[in-house]
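Participant:
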Amino acid sequence: MAKYILKRFLYMVVTVFIIATLTFFLMNLLPGSPFNEERTTNEAVQRNLEAHYHLDEPLIVQYVLYLKSIVTMDFGPSIKQPTETVNSLLSRGFPISAELGVWTVLTALISGVALGVFAALKHNGVIDYIAMTIAVLGISIPNFVLATLLIQQLAVNLGILPAATWSSPQHMILPIVALATGPMAIIARLTRSSMLETLTQDYIKTARAKGLSPFKVIVKHALKNALMPVVTILGTLLAGILTGTFVIEKIFAIPGMGKYFVEGINQRDYPVIMGTTVFYSAFLVFMLFLVDIAYGILDPRIKLHKEGGS
Amino acid sequence: MIPEQKEKEQPTHSSIPDEWFQPKKKNTDDAESVVRPSLSYWQDAWRRLRQNKLAMSGLLFLILLGIMAVIGPWVSPHDVDTQNLPNQNQAPSMTHWFGTDELGRDVFTRTWYGARISLFVGLMAALIDFFIGVAYGGLSGYKGGRTDNIMMRIIEILYGLPYLLVVILLLVVMGPSLLTIIIALTVTGWVGMARIVRGQVLQLKHNEFVMASQSFGAKTKRIIQKNLLPNTMGPIIVQMTLTVPTAIFAEAFLSFLGLGIQSPYASWGMMANDALGVILSGDWWRLFFPAFFISATMFAFNVLGDGLQDALDPKLRR
């Protein structure tokens with residue numbers, strides 16, 4: 386197990402390093418310096434500015450400084466908003482984005498698993514068809530389309546829920562629903578097929594034959610094993626939710642990290658783009674690492690295989 | 086084992102009266118006849134796909150969409166980007182079937198133009214993923230050993246990269262255009278295909294027909310192309326069908342962020358993004374048409390992919 390974790394950890398470090406390097410050199414390919422636009426700056430001011438941001442150093446020195454700044458988690462100032470640093474934007478936006486993300490993951494997991502289990506238990510019944518129709522629709526409707534439709538119908542036409550911002554629990558409902566529907570649909574489909582397979586296993590028959598209550602058989606014996614495939618795709622789902630926050634935060638005017646990222650893209654604020662990209666990637670890769678480890682712990686077959694192999 | 090059984094059978098035989106035994110009539114009529122017409126793999130898959138109504142309606146929708154994407158902008162009397170300010174924000178009518186936007190541009194024409202962009206991006210991404218993924222996965226799986234190990238480590242690292250973040254980064258640097266979107270989508274998009282092809286090749290490569298080819302002196306390229314790939318086409322086609330909606334989603338997502346196709350051209354994501362600005366005014370047609378066609382197209386590709394998955398799976402063959 387220790388070897389498995391170490392291996393996964395090394396992958397994580399390499400992946401983050403590659404993303405950081407890629408980001409740095411891609412951004413350096415861009416023509417011109419960030420200060421070229423300012424028509425009023427004279428040459429001396431420009432040189433001072435470049436010296437301040439180490440833009441006058443050779444590329445390799447800049448690269449080393451950049452790697453150092455990543456290790457120390459200091460992403461430098463924003464170029465377009467002189468009073469802000471990338472860190473201040475991140476520290477302001479991250480808690481809000483994290484709140485949105487956590488609620489979305491919980492909503493998607495609970496409703497997706499419930500939908501999948503009910504569909505499997507009523508296989509080929511009405512509930513099954515309804516659940517799977519919801520699931521295919523959920524996969525097909527992009528989150529930003531769903532978000533705009535929800536605003537148009539529920540907020541503008543009916544006026545039930547507020548359309549934007551992030552100030553009370555009511556404000557949180559629409560963004561969470563818009564963001565959670567896609568992952569929920571994927572989880573529901575996966576849970577259903579894996580549950581159908583698990584329910585035919587011999588140990589389920591044994592559990593039933595022992596006289597356990599149906600609830601206990603389903604939750605303790607079937608669901609526990611049926612959820613393994615769901616754990617494997619959690620990483621991919623997290624990536625989808627994370628990128629989904631960019632558009633959802635933009636649509637609902639939520640002052641999270643995604644909003645600053647999108648603003649950074651639109652204003653071509655390169656330090657902000659670089660900082661948030663690296664931060665997002667590192668966060669996501671770390672989550673994937675946790676999912677991998679959770680999977681290794683949950684599935685005894687993996688542990689046996691790894692220990693047997695080493 | 087066999088002599089023993091014979092010895093055991095002997096006494097049983099003698100205990101049964103001989104008249105119970107009757108000689109079986111020699112049957113020459115239909116012993117060799119084929120019960121049902123023999124179907125090739127593809128004929129059988131097509132037969133089963135046809136029975137799947139949902140998948141067939143998805144296919145039908147996509148065919149119609151493809152036709153409209155080609156002829157739609159021609160059929161319409163209005164141009165994609167001709168602005169007509171007196172006609173701005175008109176509801177659907179006989180002259181403008183899907184209404185007009187805030188610059189008076191015809192939404193009907195723009196919708197089919199968006200279909201062109203979406204289908205083109207989706208199909209190109211799937212095609213490029215196919216070529217890179219098949220070459221990489223086929224080689225990795227067939228060579229095995231150290232080559233496979235190194236190639237798979239590379240894939241594992243690429244797989245860990247957040248797909249859309251890399252795409253966004255590339256587009257920020259390359260600048261948004263149709264070509265750069267397709268490049269950005271395929272830079273890491275082929276990894277899924279490569280993994281599938283490799284898995285299939287690993288299963289197949291120890292079969293006798295591959296060995297026969299090897300013994301004739303066939304080169305690696307020929308064995309992968311002629312022996313291994315035709316036998317993995319099922320999963321490859323399913324993966325391609327499911328890559329298209331992913332790419333269409335990504336294009337719409339990027340356009341929505343302002344990193345996609347630029348004006349004066351139209352794409353569904355861009356139209357949905359523009360509609361967000363007028364959402365309070367009640368101009369429902371601005372959002373409805375792009376939203377409906379993005380979702381319906383992704384739906385159609387998803388159900389078609391699911392149907393193909395069932396139809397092309399030899400294990401489900403009856």
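Protein chains in written order, with my numbering: chain A, 386 to 695; chain B, 86 to 403. Just so you know, even glycine gets a beta-carbon here, dropped at the ideal spot from N, CA and C. Remember, it's a predicted structure, so these values are computed and weren't measured experimentally.
So what's T661/A in DSSP terms, helix, strand or just coil?
Facilitator: Walking along the first sequence from the start, residue 661/A turns up at place 276. Helix.
Participant: How is D391/B classed by DSSP in three states: helix, strand or coil?
Facilitator: Here residue 391/B corresponds to residue number 306 of the second sequence, with the count starting at 1. In the structure shown, D391/B sits in a helix (DSSP, three-state: H, G or I).
Participant: Measuring only the C-alpha atoms, how far is R653/A from A269/B?
Facilitator: By one-based count along the first sequence, residue 653/A stands at place 268. By one-based count along the second sequence, residue 269/B stands at place 184. Using only the alpha carbons, I get a separation of about 18 Å.
Participant: Sorted by chain position, which residues of the same chain lie with C-beta nearer than 7 Å to L535/A's C-beta, five sequence neighbours on each side aside?
Facilitator: Within the first sequence, numbered from 1, the residue matching residue 535/A stands at position 150. Here the set comprises L559, V562, A563.
Participant: My assumption, with CB atoms under 8 Å, is that T470/A sits in contact with G461/A. Please give the rounded CB distance.
Facilitator: As a first step, residue 470/A must be located in the first sequence, where it is residue number 85. As a first step, residue 461/A must be located in the first sequence, where it is residue number 76. 7 Å between Cβ atoms; contact.
Participant: With the cut-off set at 8 Å, would you say S298/B and I308/B are in Cβ contact?
Facilitator: Translated into the one-based positions of the second sequence, residue 298/B becomes position 213. Translated into the one-based positions of the second sequence, residue 308/B becomes position 223. Yes; because the gap between Cβ atoms is below 8 Å, this pair is in contact.
Participant: Check each residue of the stretch 464-475 of chain A: if its Cβ is closer than 7 Å to any Cβ of chain B, include it; give the result in chain order.
Facilitator: Listed by position, the residues of the stretch 464-475 of chain A near chain B (Cβ gap below 7 Å) amount to none.
Participant: Quick one: list the residues of chain A neighbouring E241/B, beta-carbon separation under 7 Å, in chain order.
Facilitator: Start at 1 with the first residue of the second sequence, and residue 241/B comes out as number 156. Per Cβ cutoff of 7 Å: Y396.
Participant: Along chain B, in chain order, which residues have C-beta atoms closer than 9 Å to that of T408/A?
Facilitator: As a first step, residue 408/A must be located in the first sequence, where it is residue number 23. Here the neighbours are L254.
Participant: Scan the stretch 630-647 of chain A for residues whose Cβ lies nearer than 8 Å to a Cβ of chain B and list them as they occur along the chain.
Facilitator: Those residues of the stretch 630-647 of chain A that come within reach of chain B (Cβ to Cβ, closer than 8 Å) are F631, V632, K635, I636, V647.
Participant: Distance, Cα to Cα, I603/A vs K507/A?
Facilitator: Within the first sequence, the letter at position 218 stands for residue 603/A. Within the first sequence, the letter at position 122 stands for residue 507/A. Roughly 13 Å between the two C-alpha positions.
Participant: Using a Cβ cut-off of 8 Å (strictly closer), state whether V446/A contacts chain B.
Facilitator: Here residue 446/A refers to the residue found at position 61 when the first sequence is read from its first residue. It does not; no Cβ of chain B falls within 8 Å.
Participant: Can you name the residues of chain A whose CB is closer than 8 Å to the CB of V351/B?
Facilitator: Start at 1 with the first residue of the second sequence, and residue 351/B comes out as number 266. Correcting the residue type first, residue 351/B is Ala in the shown sequence and not Val. Chain A residues near A351/B: none, gap ~16 Å exceeds 8 Å.
Participant: Going along chain B, which residues have a C-beta under 7 Å from V670/A?
Facilitator: Position 285 of the first sequence, counted from the start, is the residue given in the question as residue 670/A. Going along chain B in sequence order, the residues near V670/A (Cβ under 7 Å) are G245.
Participant: First and last residue of the alpha helix (DSSP H) that includes K453/A?
Facilitator: Position 68 of the first sequence holds residue 453/A. Looking at the DSSP string, the run of the alpha helix (DSSP H) that includes K453/A is 444-456.
Participant: Please work out which residues of its chain come closer than 7 Å, Cβ to Cβ, to I658/A, disregarding the five sequence neighbours upstream and downstream, and give them in chain order.
Facilitator: Within the first sequence, numbered from 1, the residue matching residue 658/A stands at position 273. Once the five neighbours on either side are set aside, the close Cβ partners of I658/A are G649, I650.
Participant: Work out the CA separation of I346/B and A405/A for me, nearest whole Å.
Facilitator: Counting from 1 along the first sequence, the entry for residue 405/A is found at position 20. Counting from 1 along the second sequence, the entry for residue 346/B is found at position 261. Their Cα atoms are separated by approximately 27 Å.
Participant: For the stretch 576-592 of chain A, which residues have a beta carbon sitting closer than 9 Å to at least one beta carbon of chain B?
Facilitator: Cβ contacts with chain B come from no residue of the stretch 576-592 of chain A.
Participant: If I follow the unbroken alpha helix (DSSP H) through K392/A, where does it start and stop?
Facilitator: Translated into the one-based positions of the first sequence, residue 392/A becomes position 7. First-last of the alpha helix (DSSP H) with K392/A: 387-414.
Participant: Between the alpha carbons of Q324/B and G390/B, how many angstroms are there, rounded?
Facilitator: Walking along the second sequence from the start, residue 324/B turns up at place 239. Walking along the second sequence from the start, residue 390/B turns up at place 305. If you take the alpha carbons of Q324/B and G390/B, they lie about 8 Å apart.
Participant: So M412/A contacts chain B; which residues on that side make the cut at Cβ distance below 9 Å?
Facilitator: Against the first sequence, residue 412/A aligns to sequence position 27. Going along chain B in sequence order, the residues near M412/A (Cβ under 9 Å) are L254, V257, V258.
Participant: Could you pull out every residue in the same chain whose Cβ sits closer than 6 Å to the Cβ of A337/B, ignoring the five residues on either side in sequence?
Facilitator: Within the second sequence, the letter at position 252 stands for residue 337/B. Cβ within range, chain order: W353, G354, I379.
Participant: How far does the alpha helix (DSSP H) with A540/A in it reach, from first residue to last?
Facilitator: On the first sequence, residue 540/A is found 155 positions in, with the first residue counted as 1. Neither: A540/A is in no alpha helix (DSSP H) and is coded neither H nor E.
Participant: To the nearest angstrom, how far is it from the Cα of P599/A to the Cα of V511/A?
Facilitator: Indexing the first sequence from 1 puts residue 599/A at position 214. Indexing the first sequence from 1 puts residue 511/A at position 126. Taking the straight line joining both Cα atoms gives about 20 Å.
Participant: Name the chain B residues that come within less than 8 Å of V380/A, Cβ to Cβ?
Facilitator: The requested residue 380/A does not occur in the structure, where chain A is confined to residues 386 to 695.
Participant: If you draw a straight line from the C-alpha of S161/B to the C-alpha of L256/B, how long is it?
Facilitator: Counting from 1 along the second sequence, the entry for residue 161/B is found at position 76. Counting from 1 along the second sequence, the entry for residue 256/B is found at position 171. Answer to the nearest angstrom: the Cα atoms are 32 Å apart.
Participant: If you draw a straight line from the alpha carbon of F334/B to that of T265/B, how long is it in whole angstroms?
Facilitator: Position 249 of the second sequence, counted from the first residue, corresponds to residue 334/B. Position 180 of the second sequence, counted from the first residue, corresponds to residue 265/B. Between F334/B and T265/B, the C-alpha separation is close to 16 Å.
Participant: Compare the C-beta of G284/B against all C-beta atoms of chain A and say whether one is closer than 8 Å.
Facilitator: One-based indexing of the second sequence puts residue 284/B at position 199. Judged by the 8 Å Cβ criterion, G284/B is not in contact with chain A.
Participant: Once the 5 residues before and after I545/A are set aside, which same chain residues still bring their CB inside 7 Å of it?
Facilitator: Here residue 545/A refers to the residue found at position 160 when the first sequence is read from its first residue. Hits under 7 Å: L539.
Participant: Using a Cβ-Cβ cutoff of less than 7 Å, which residues in the same chain neighbour W404/B once the five nearest sequence positions on both sides are dropped?
Facilitator: Here chain B covers residues 86 to 403 and nothing more, so residue 404/B does not appear.
Participant: Determine the DSSP secondary structure at P171/B, reduced to helix, strand or coil.
Facilitator: Your numbering for residue 171/B matches position 86 in the second sequence. Looking at P171/B - three-state DSSP - the assignment turns out to be helix.
Participant: Ends of the alpha helix (DSSP H) at P560/A?
Facilitator: For this step, residue 560/A is matched to residue 175 along the first sequence. Taken as a continuous stretch (DSSP letters only), the alpha helix (DSSP H) holding P560/A covers 554-584.
Participant: Going by beta-carbon coordinates alone, are D587/A and R393/A separated by less than 8 Å?
Facilitator: Position 202 of the first sequence, counting from 1, holds the residue named residue 587/A. Position 8 of the first sequence, counting from 1, holds the residue named residue 393/A. No, the Cβ-Cβ distance between D587/A and R393/A is not below 8 Å.
Participant: Which word fits Y706/A, buried or exposed, when buried means at least 16 other C-beta atoms lie within 10 angstroms of its C-beta?
Facilitator: As displayed, chain A neither begins before 386 nor continues past 695, which places residue 706/A out of reach and without an answer.
Participant: Just the C-alpha distance for G189/B and E634/A, rounded to the nearest angstrom, thanks.
Facilitator: To locate residue 189/B, count along the second sequence from 1; it is residue 104. To locate residue 634/A, count along the first sequence from 1; it is residue 249. Taking the straight line joining both Cα atoms gives about 29 Å.
Participant: Look at V399/A and L342/B and say whether their C-beta atoms are less than 8 Å apart.
Facilitator: As a first step, residue 399/A must be located in the first sequence, where it is residue number 14. As a first step, residue 342/B must be located in the second sequence, where it is residue number 257. No. Outside cutoff.
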